[in-house]
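**Student:**
Residue numbers (the UniProt record's numbering), protein chains in the order written: chain A, 1 to 625; chain B, 1 to 236.
(1) Pair every Cβ in the region 469-478 of chain A with every Cβ in the region 206-215 of chain A, then say whether three or more of these pairs are closer than 8 Å.
(2) Taking only beta carbons into account, state which residues of the region 169-182 of chain B come closer than 9 Å to chain A, listed in chain order.
(3) What residues of chain A sit near residue 95/B, judged by a beta carbon separation below 7 Å?
(4) Figure out for me which residue from 47/B, 33/B, 61/B has the closest Cα to the Cα of residue 54/B.
(5) Going by DSSP, what residue range makes up the beta strand (DSSP E) through residue 148/B?
(6) For residue 280/A and residue 51/A, I'd like the C-alpha separation in whole angstroms.
(7) Taking contact to mean 3 or more Cβ pairs, one atom from each stretch, closer than 8 Å, check whether the region 437-453 of chain A and the region 365-381 of chain A are in contact.
(8) Taking a cut of 7 Å between CB atoms, which residues from the region 504-527 of chain A lie near chain B?
(9) When the Cβ atoms of the region 409-427 of chain A are set against those of the region 58-68 of chain A, are three or more pairs found closer than 8 Å?
(10) Closer than 8 Å by beta-carbon distance: list the chain A residues that pair up with residue 72/B, in chain order.
(11) Is DSSP giving residue 12/B helix, strand or coil here?
(12) Go to residue 122/B, then tell me how far its alpha helix (DSSP H) extends in each direction, as first and last residue.
(13) In the DSSP assignment, the alpha helix (DSSP H) including residue 125/A goes from what residue to what residue?
(14) Pick from 159/A, 128/A, 555/A: whose alpha carbon is nearest that of residue 104/A?
(15) Note the first and the last residue of the continuous beta strand (DSSP E) segment covering residue 166/B.
(16) Span of the alpha helix (DSSP H) holding residue 245/A?
(17) Measure how close the beta-carbons of residue 608/A and residue 149/A come, nearest whole angstrom, since I'm counting them as under 8 Å.
(18) Does DSSP put residue 179/A in a helix, in a strand, or in coil?
(19) Provide the residue(s) that pair with residue 291/A in DSSP beta bridges, ordered along the chain.
(20) Is residue 72/A close to chain B, meaning its C-beta is less than 8 Å from at least one C-beta of that chain?
(21) So which residues of chain A does residue 62/B contact, with C-beta pairs closer than 8 Å?
(22) State whether the region 304-311 of chain A contacts the region 445-464 of chain A, with contact taken as three or more CB pairs (one from each stretch) at a distance under 8 Å.
(23) Which chain A residues sit within Cβ distance under 8 Å of residue 92/B?
(24) By the criterion of Cβ-Cβ separation under 9 Å, what are the contact partners of residue 224/B in chain A?
(25) Leaving aside the five residues before and after residue 489/A along the sequence, list all residues of the same chain whose C-beta is less than 6 Å from its C-beta, in chain order.
(26) Mind pulling the chain B residues with CB within less than 7 Å of residue 545/A?
(27) Skipping 5 residues on each side, what residues in its chain have a beta carbon closer than 6 Å to that of residue 315/A?
(28) Are residue 536/A and residue 227/A closer than 8 Å when you measure CB to CB?
(29) Within 10 Å of its beta-carbon, does residue 100/B have 16 or more other beta-carbons around it, so buried, or fewer, so exposed?
(30) Give the residues of chain B in contact with residue 88/A, contact being defined as C-beta atoms less than 8 Å apart.
(31) Grab the span of the beta strand (DSSP E) containing residue 67/B for me, first residue to last.
(32) Below 7 Å CB to CB, which residues in the same chain sit around residue 586/A once its five sequence neighbours on both sides are set aside?
(33) Nearest-angstrom Cα distance between residue 44/A and residue 122/A?
(34) Which residues does DSSP list as the beta-bridge partners of residue 248/B?
(35) Check the C-beta distance from residue 215/B over to residue 123/B and give it rounded, since I have them as a contact under 8 Å.
(36) What did DSSP end up calling residue 194/B once you bin it into helix, strand or coil?
Written out as structure tokens, the structure is:
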């Protein structure tokens with residue numbers, strides 16, 4: 001009997017609740033904000049847009065120091081990253097960017113743009129600003145994808161599947177590469193008036209940023225049009241990859257137009273010491289007139305970066321056990337000019353072939369472009385007021401070299417004698433991670449604040465994505481390509497004078513090689529190198545897999561440079577003699593560098609994954625794959 | 001103990017079921033496709049890992065190629081299932097021009113695979129280096145060789161450079177060679193295609209060995225891949 005009563009009660013329960021289907025299914029969630037709620041409130045919309053900013057796509061940044069070591073700018077002094085110097089061919093799918101993450105991000109932005117247009121509870125200027133910001137971010141995504149893949153489908157509204165069993169109406173072909181850049185340029189023109197014209201806004205889009213993006217995009221398009229003619233194999237017949245050469249001048253003109261329209265920015269010039277001044281561009285967050293757009297970090301907010309933790313010279317490391325990973329290469333260091341605008345390798349031997357003796361380790365680096373010391377920590381440099389200790393060993397008076405295999409190791413040089421330090425506390429010790437295996441450490445972005453090198457604190461240095469010096473160099477390049485050499489020289493000289501190169505370049509000095517060189521030294525470790533080399537179509541010439549040693553032809557932008565080299569000091573140990581404690585230098589190739597890098601034509605535009613090409617028959621594959 | 005027994009029986013059953021998987025498994029592919037890339041019956045030598053064939057099979061929901069690497073001696077091989085394949089060398093791959101296939105009227109070759117098959121693919125290289133004779137003297141390796149210009153019509157291209165590469169193992173090419181084990185001559189400096197001479201100093205080899213492997217290559221302007229001669233072992 002009991003059983004039946006129970007059953008009855010159960011059935012009743014089901015019957016009564018079942019009636020309320022409608023209500024049950026339409027219950028308001030208590031833990032999710034719905035679209036209608038979000039688009040009523042400015043602060044909530046801002047947090048949605050903030051989320052989009054956080055997904056801004058990029059390749060090299062402050063959070064992945066190792067990506068700088070794939071080319072010839074730096075050596076990876078960390079055990080798990082030596083392979084970056086031991087492979088030959090870059091894989092065709094490197095830098096690939098075409099998947100669910102990107103198109104998911106794009107779809108969310110397209111949905112946002114639809115909703116914000118109908119958000120009538122927000123005031124008009126607020127709404128317009130949000131709309132412009134998301135359109136900027138959408139263009140930034142397309143820009144990044146175009147750099148890597150060439151033309152991609154330009155999807156400008158959210159696509160929805162109708163469950164009909166036939167998805168072919170969702171299959172879009174790739175746009176032409178020129179259409180991608182045209183789209184970015186026209187979007188920037190459209191949104192620049194919707195954005196605040198405020199140079200003090202750094203982490204959100206501004207009018208200045210829209211113009212800077214326009215200039216960069218037009219420059220990329222112009223150079224692909226112009227230099228694409230040198231690699232006819234890197235094109236597709238319908239223009240998904242490659243831009244016709246006759247469009248180059250129009251693009252270059254757009255660069256100049258955009259730069260001339262910018263106002264309110266100037267080069268950072270606050271510190272008397274030019275190297276400190278250069279390093280400070282990336283550290284000074286108060287009224288920085290040069291910086292246009294950043295990814296900002298803030299202590300104790302959960303958004304901090306580990307650049308300083310990973311890269312502080314190991315002898316000055318706050319953790320003591322980690323640091324010193326990114327070692328800039330001699331290939332880069334020797335690119336910094338002498339103050340008379342000439343190039344010269346570091347002098348390590350005199351005319352007779354004998355090593356030159358330097359009183360202080362840093363003397364060999366004297367008299368050069370101030371950006372050298374602003375970018376790189378070399379032997380004799382200081383960081384946070386303390387000197388780094390970079391020297392590879394002792395040279396005895398008979399020429400023998402005594403060195404150690406742990407940092408700062410001491411040895412007894414003669415029986416009964418005192419313990420003497422035989423190697424620097426920062427190395428270099430070949431094959432020992434975190435030591436300066438090229439003789440150099442990175443200074444750019446390195447945060448001198450106490451605690452920045454601690455795991456629990458880390459750094460709030462911002463990541464500069466656009467700054468005025470790059471804008472000026474973009475203008476210089478465009479002017480050069482248009483034959484306006486005096487304009488180009490003027491833009492270049494502004495940037496160079498700030499670095500202490502006060503002898504102005506003349507019109508006749510401005511060449512393609514000069515432009516390449518200036519960008520290389522000004523914008524090192526700022527995420528430009530790969531894309532620059534690609535758009536000039538010289539990546540396969542410079543990283544050609546040949547084994548030609550340290551580049552010696554410093555003026556030439558197309559000299560092969562496929563392996564990283566180092567410049568390491570040795571201390572002379574000859575007590576009582578004049579040279580005791582002085583330094584000589586040697587050029588070395590770190591022992592972990594065992595292979596030469598080769599950039600093949602198929603690397604110019606990355607491999608489109610089989611699942612992408614297979615799902616949409618309209619997708620044309622990239623050339624040379 | 002009882003519970004253990006139940007688990008034991010259950011596990012044994014599972015194992016028994018899982019092991020008789022013959023019903024739902026394919027055999028591994030077993031039909032061998034072999035062949036060479038040839039010109040007039042002579043294999044084309046290329047760099048390892050740089051040139052490949054793609055096999056496409058129609059009828060699948062999504063399309064993805066089977067990539068088949070072409071070995072340095074110009075040969076290739078793949079284990080496949082029986083089926084109808086389309087064979088193609090990707091655009092701009094290889095130091096040669098592809099021929100138009102009579103059946104497909106394009107560079108695609110239709111392949112009906114029914115059992116192991118041997119298939120040579122005929123191509124037209126721009127140039128062929130051949131008759132390399134090596135000699136050694138005073139820690140130098142010298143080579144004399146000839147270059148045949150094959151394509152002389154409107155598609156003809158210039159030689160960018162000819163090169164000699166040496167390495168301590170059989171794997172020798174532009175990409176894999178001894179440091180300093182390379183000598184090149186630019187196309188413009190070659191006076192007589194039937195009498196090209198190159199010379200390279202033998203670098204220090206660690207550990208020391210009394211032989212190297214050498215190869216001669218031609219780089220055609222505007223073509224990424226080089227065309228090589230067969231590898232030769234040189235004793236000194």
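Glycine included, C-beta positions come from ideal geometry on N, C-alpha and C.
**Tutor:** In this structure, then:
(1) yes
(2) 174, 175, 176, 177, 178, 179, 180, 181, 182
(3) Mapped onto the second chain, residue 95/B falls at position 95. Correct list: empty, because the minimum Cβ distance to chain A is about 13 Å.
(4) Counting from one through the second chain, the residue named residue 54/B turns up at place 54. Among 47/B, 33/B, 61/B, the Cα nearest to that of residue 54/B belongs to 33/B.
(5) Position 148 of the second chain, counting from 1, holds the residue named residue 148/B. Element bounds for residue 148/B: 140-149.
(6) Numbered from its first residue, the first chain carries residue 280/A at position 280. Numbered from its first residue, the first chain carries residue 51/A at position 51. Straight-line Cα distance between these residues: approximately 28 Å.
(7) yes
(8) none
(9) no
(10) Position 72 of the second chain holds residue 72/B. Near residue 72/B there are no residues of chain A at all, since even the closest Cβ is about 15 Å away, more than 8 Å.
(11) In the second chain, the residue the question calls residue 12/B occupies position 12. Correct three-state label for residue 12/B: helix.
(12) Along the second chain, read from residue 1 onward, the residue named residue 122/B stands at position 122. Segment 121-125 is the beta strand (DSSP E) holding residue 122/B; no alpha helix (DSSP H) there.
(13) For the purposes of this step, residue 125/A is taken as residue 125 along the first chain, with counting starting at 1. Where residue 125/A is concerned, the enclosing alpha helix (DSSP H) stretches over 124-149.
(14) Taking the first residue of the first chain as position 1, residue 104/A is located at position 104. Answer by Cα proximity: 159/A.
(15) What you label residue 166/B is simply residue 166 of the second chain in a count that begins at 1. Run containing residue 166/B: 159-167, per the beta strand (DSSP E) assignment.
(16) Indexing the first chain from 1 puts residue 245/A at position 245. Taken as a continuous stretch (DSSP letters only), residue 245/A belongs to no alpha helix (DSSP H), as it is neither H nor E.
(17) Mapped onto the first chain, residue 608/A falls at position 608. Mapped onto the first chain, residue 149/A falls at position 149. Contact flag correct, Cβ pair sits at about 7 Å.
(18) Here residue 179/A corresponds to residue number 179 of the first chain, with the count starting at 1. Helix.
(19) As a position in the first chain, residue 291/A is number 291, starting the count at 1. Residue 291/A is bridged to 467/A.
(20) Taking the first residue of the first chain as 1, we reach residue 72/A at position 72. Cβ-Cβ to chain B under 8 Å: no for residue 72/A.
(21) As a working note, residue 62/B is residue 62 in the second chain. Simply 610, 611, 614, 615.
(22) yes
(23) One-based indexing of the second chain puts residue 92/B at position 92. Those within 8 Å of residue 92/B in chain A are 233, 601, 623, 624.
(24) Start at 1 with the first residue of the second chain, and residue 224/B comes out as number 224. Those within 9 Å of residue 224/B in chain A are 233, 540, 600, 601, 602, 624.
(25) Counted from its first residue, the first chain places residue 489/A at position 489. Excluding positions up to five away in sequence, the list reads 505, 507, 510.
(26) Along the first chain, read from residue 1 onward, the residue named residue 545/A stands at position 545. Within 7 Å Cβ-Cβ: 174, 175.
(27) Your numbering for residue 315/A matches position 315 in the first chain. The answer, listed in chain order, is 389, 425, 426.
(28) Along the first chain, read from residue 1 onward, the residue named residue 536/A stands at position 536. Along the first chain, read from residue 1 onward, the residue named residue 227/A stands at position 227. Taking 8 Å as the Cβ cut-off, residue 536/A and residue 227/A qualify as a contacting pair.
(29) On the second chain, position 100 is the one that residue 100/B refers to. Exposed, by the Cβ-count rule.
(30) One-based indexing of the first chain puts residue 88/A at position 88. Here the neighbours are 175, 176.
(31) Start at 1 with the first residue of the second chain, and residue 67/B comes out as number 67. Unbroken beta strand (DSSP E) run through residue 67/B: 66-69.
(32) Walking along the first chain from the start, residue 586/A turns up at place 586. Closer than 7 Å at the Cβ level, and outside the excluded window around residue 586/A, lie 348, 568, 570.
(33) Working through the first chain from its first residue, we reach residue 44/A at position 44. Working through the first chain from its first residue, we reach residue 122/A at position 122. Cα-Cα distance, rounded: 11 Å.
(34) What the structure shows of chain B is the stretch from 1 to 236, and residue 248/B is not part of that stretch, so it cannot be assessed.
(35) As a working note, residue 215/B is residue 215 in the second chain. As a working note, residue 123/B is residue 123 in the second chain. Between residue 123/B and residue 215/B the Cβ distance is about 20 Å, and since that is not below 8 Å, they are no contact.
(36) Taking the second chain and counting its residues from 1, the one referred to as residue 194/B is at position 194. If DSSP states are grouped into helix, strand and coil, residue 194/B belongs with coil.
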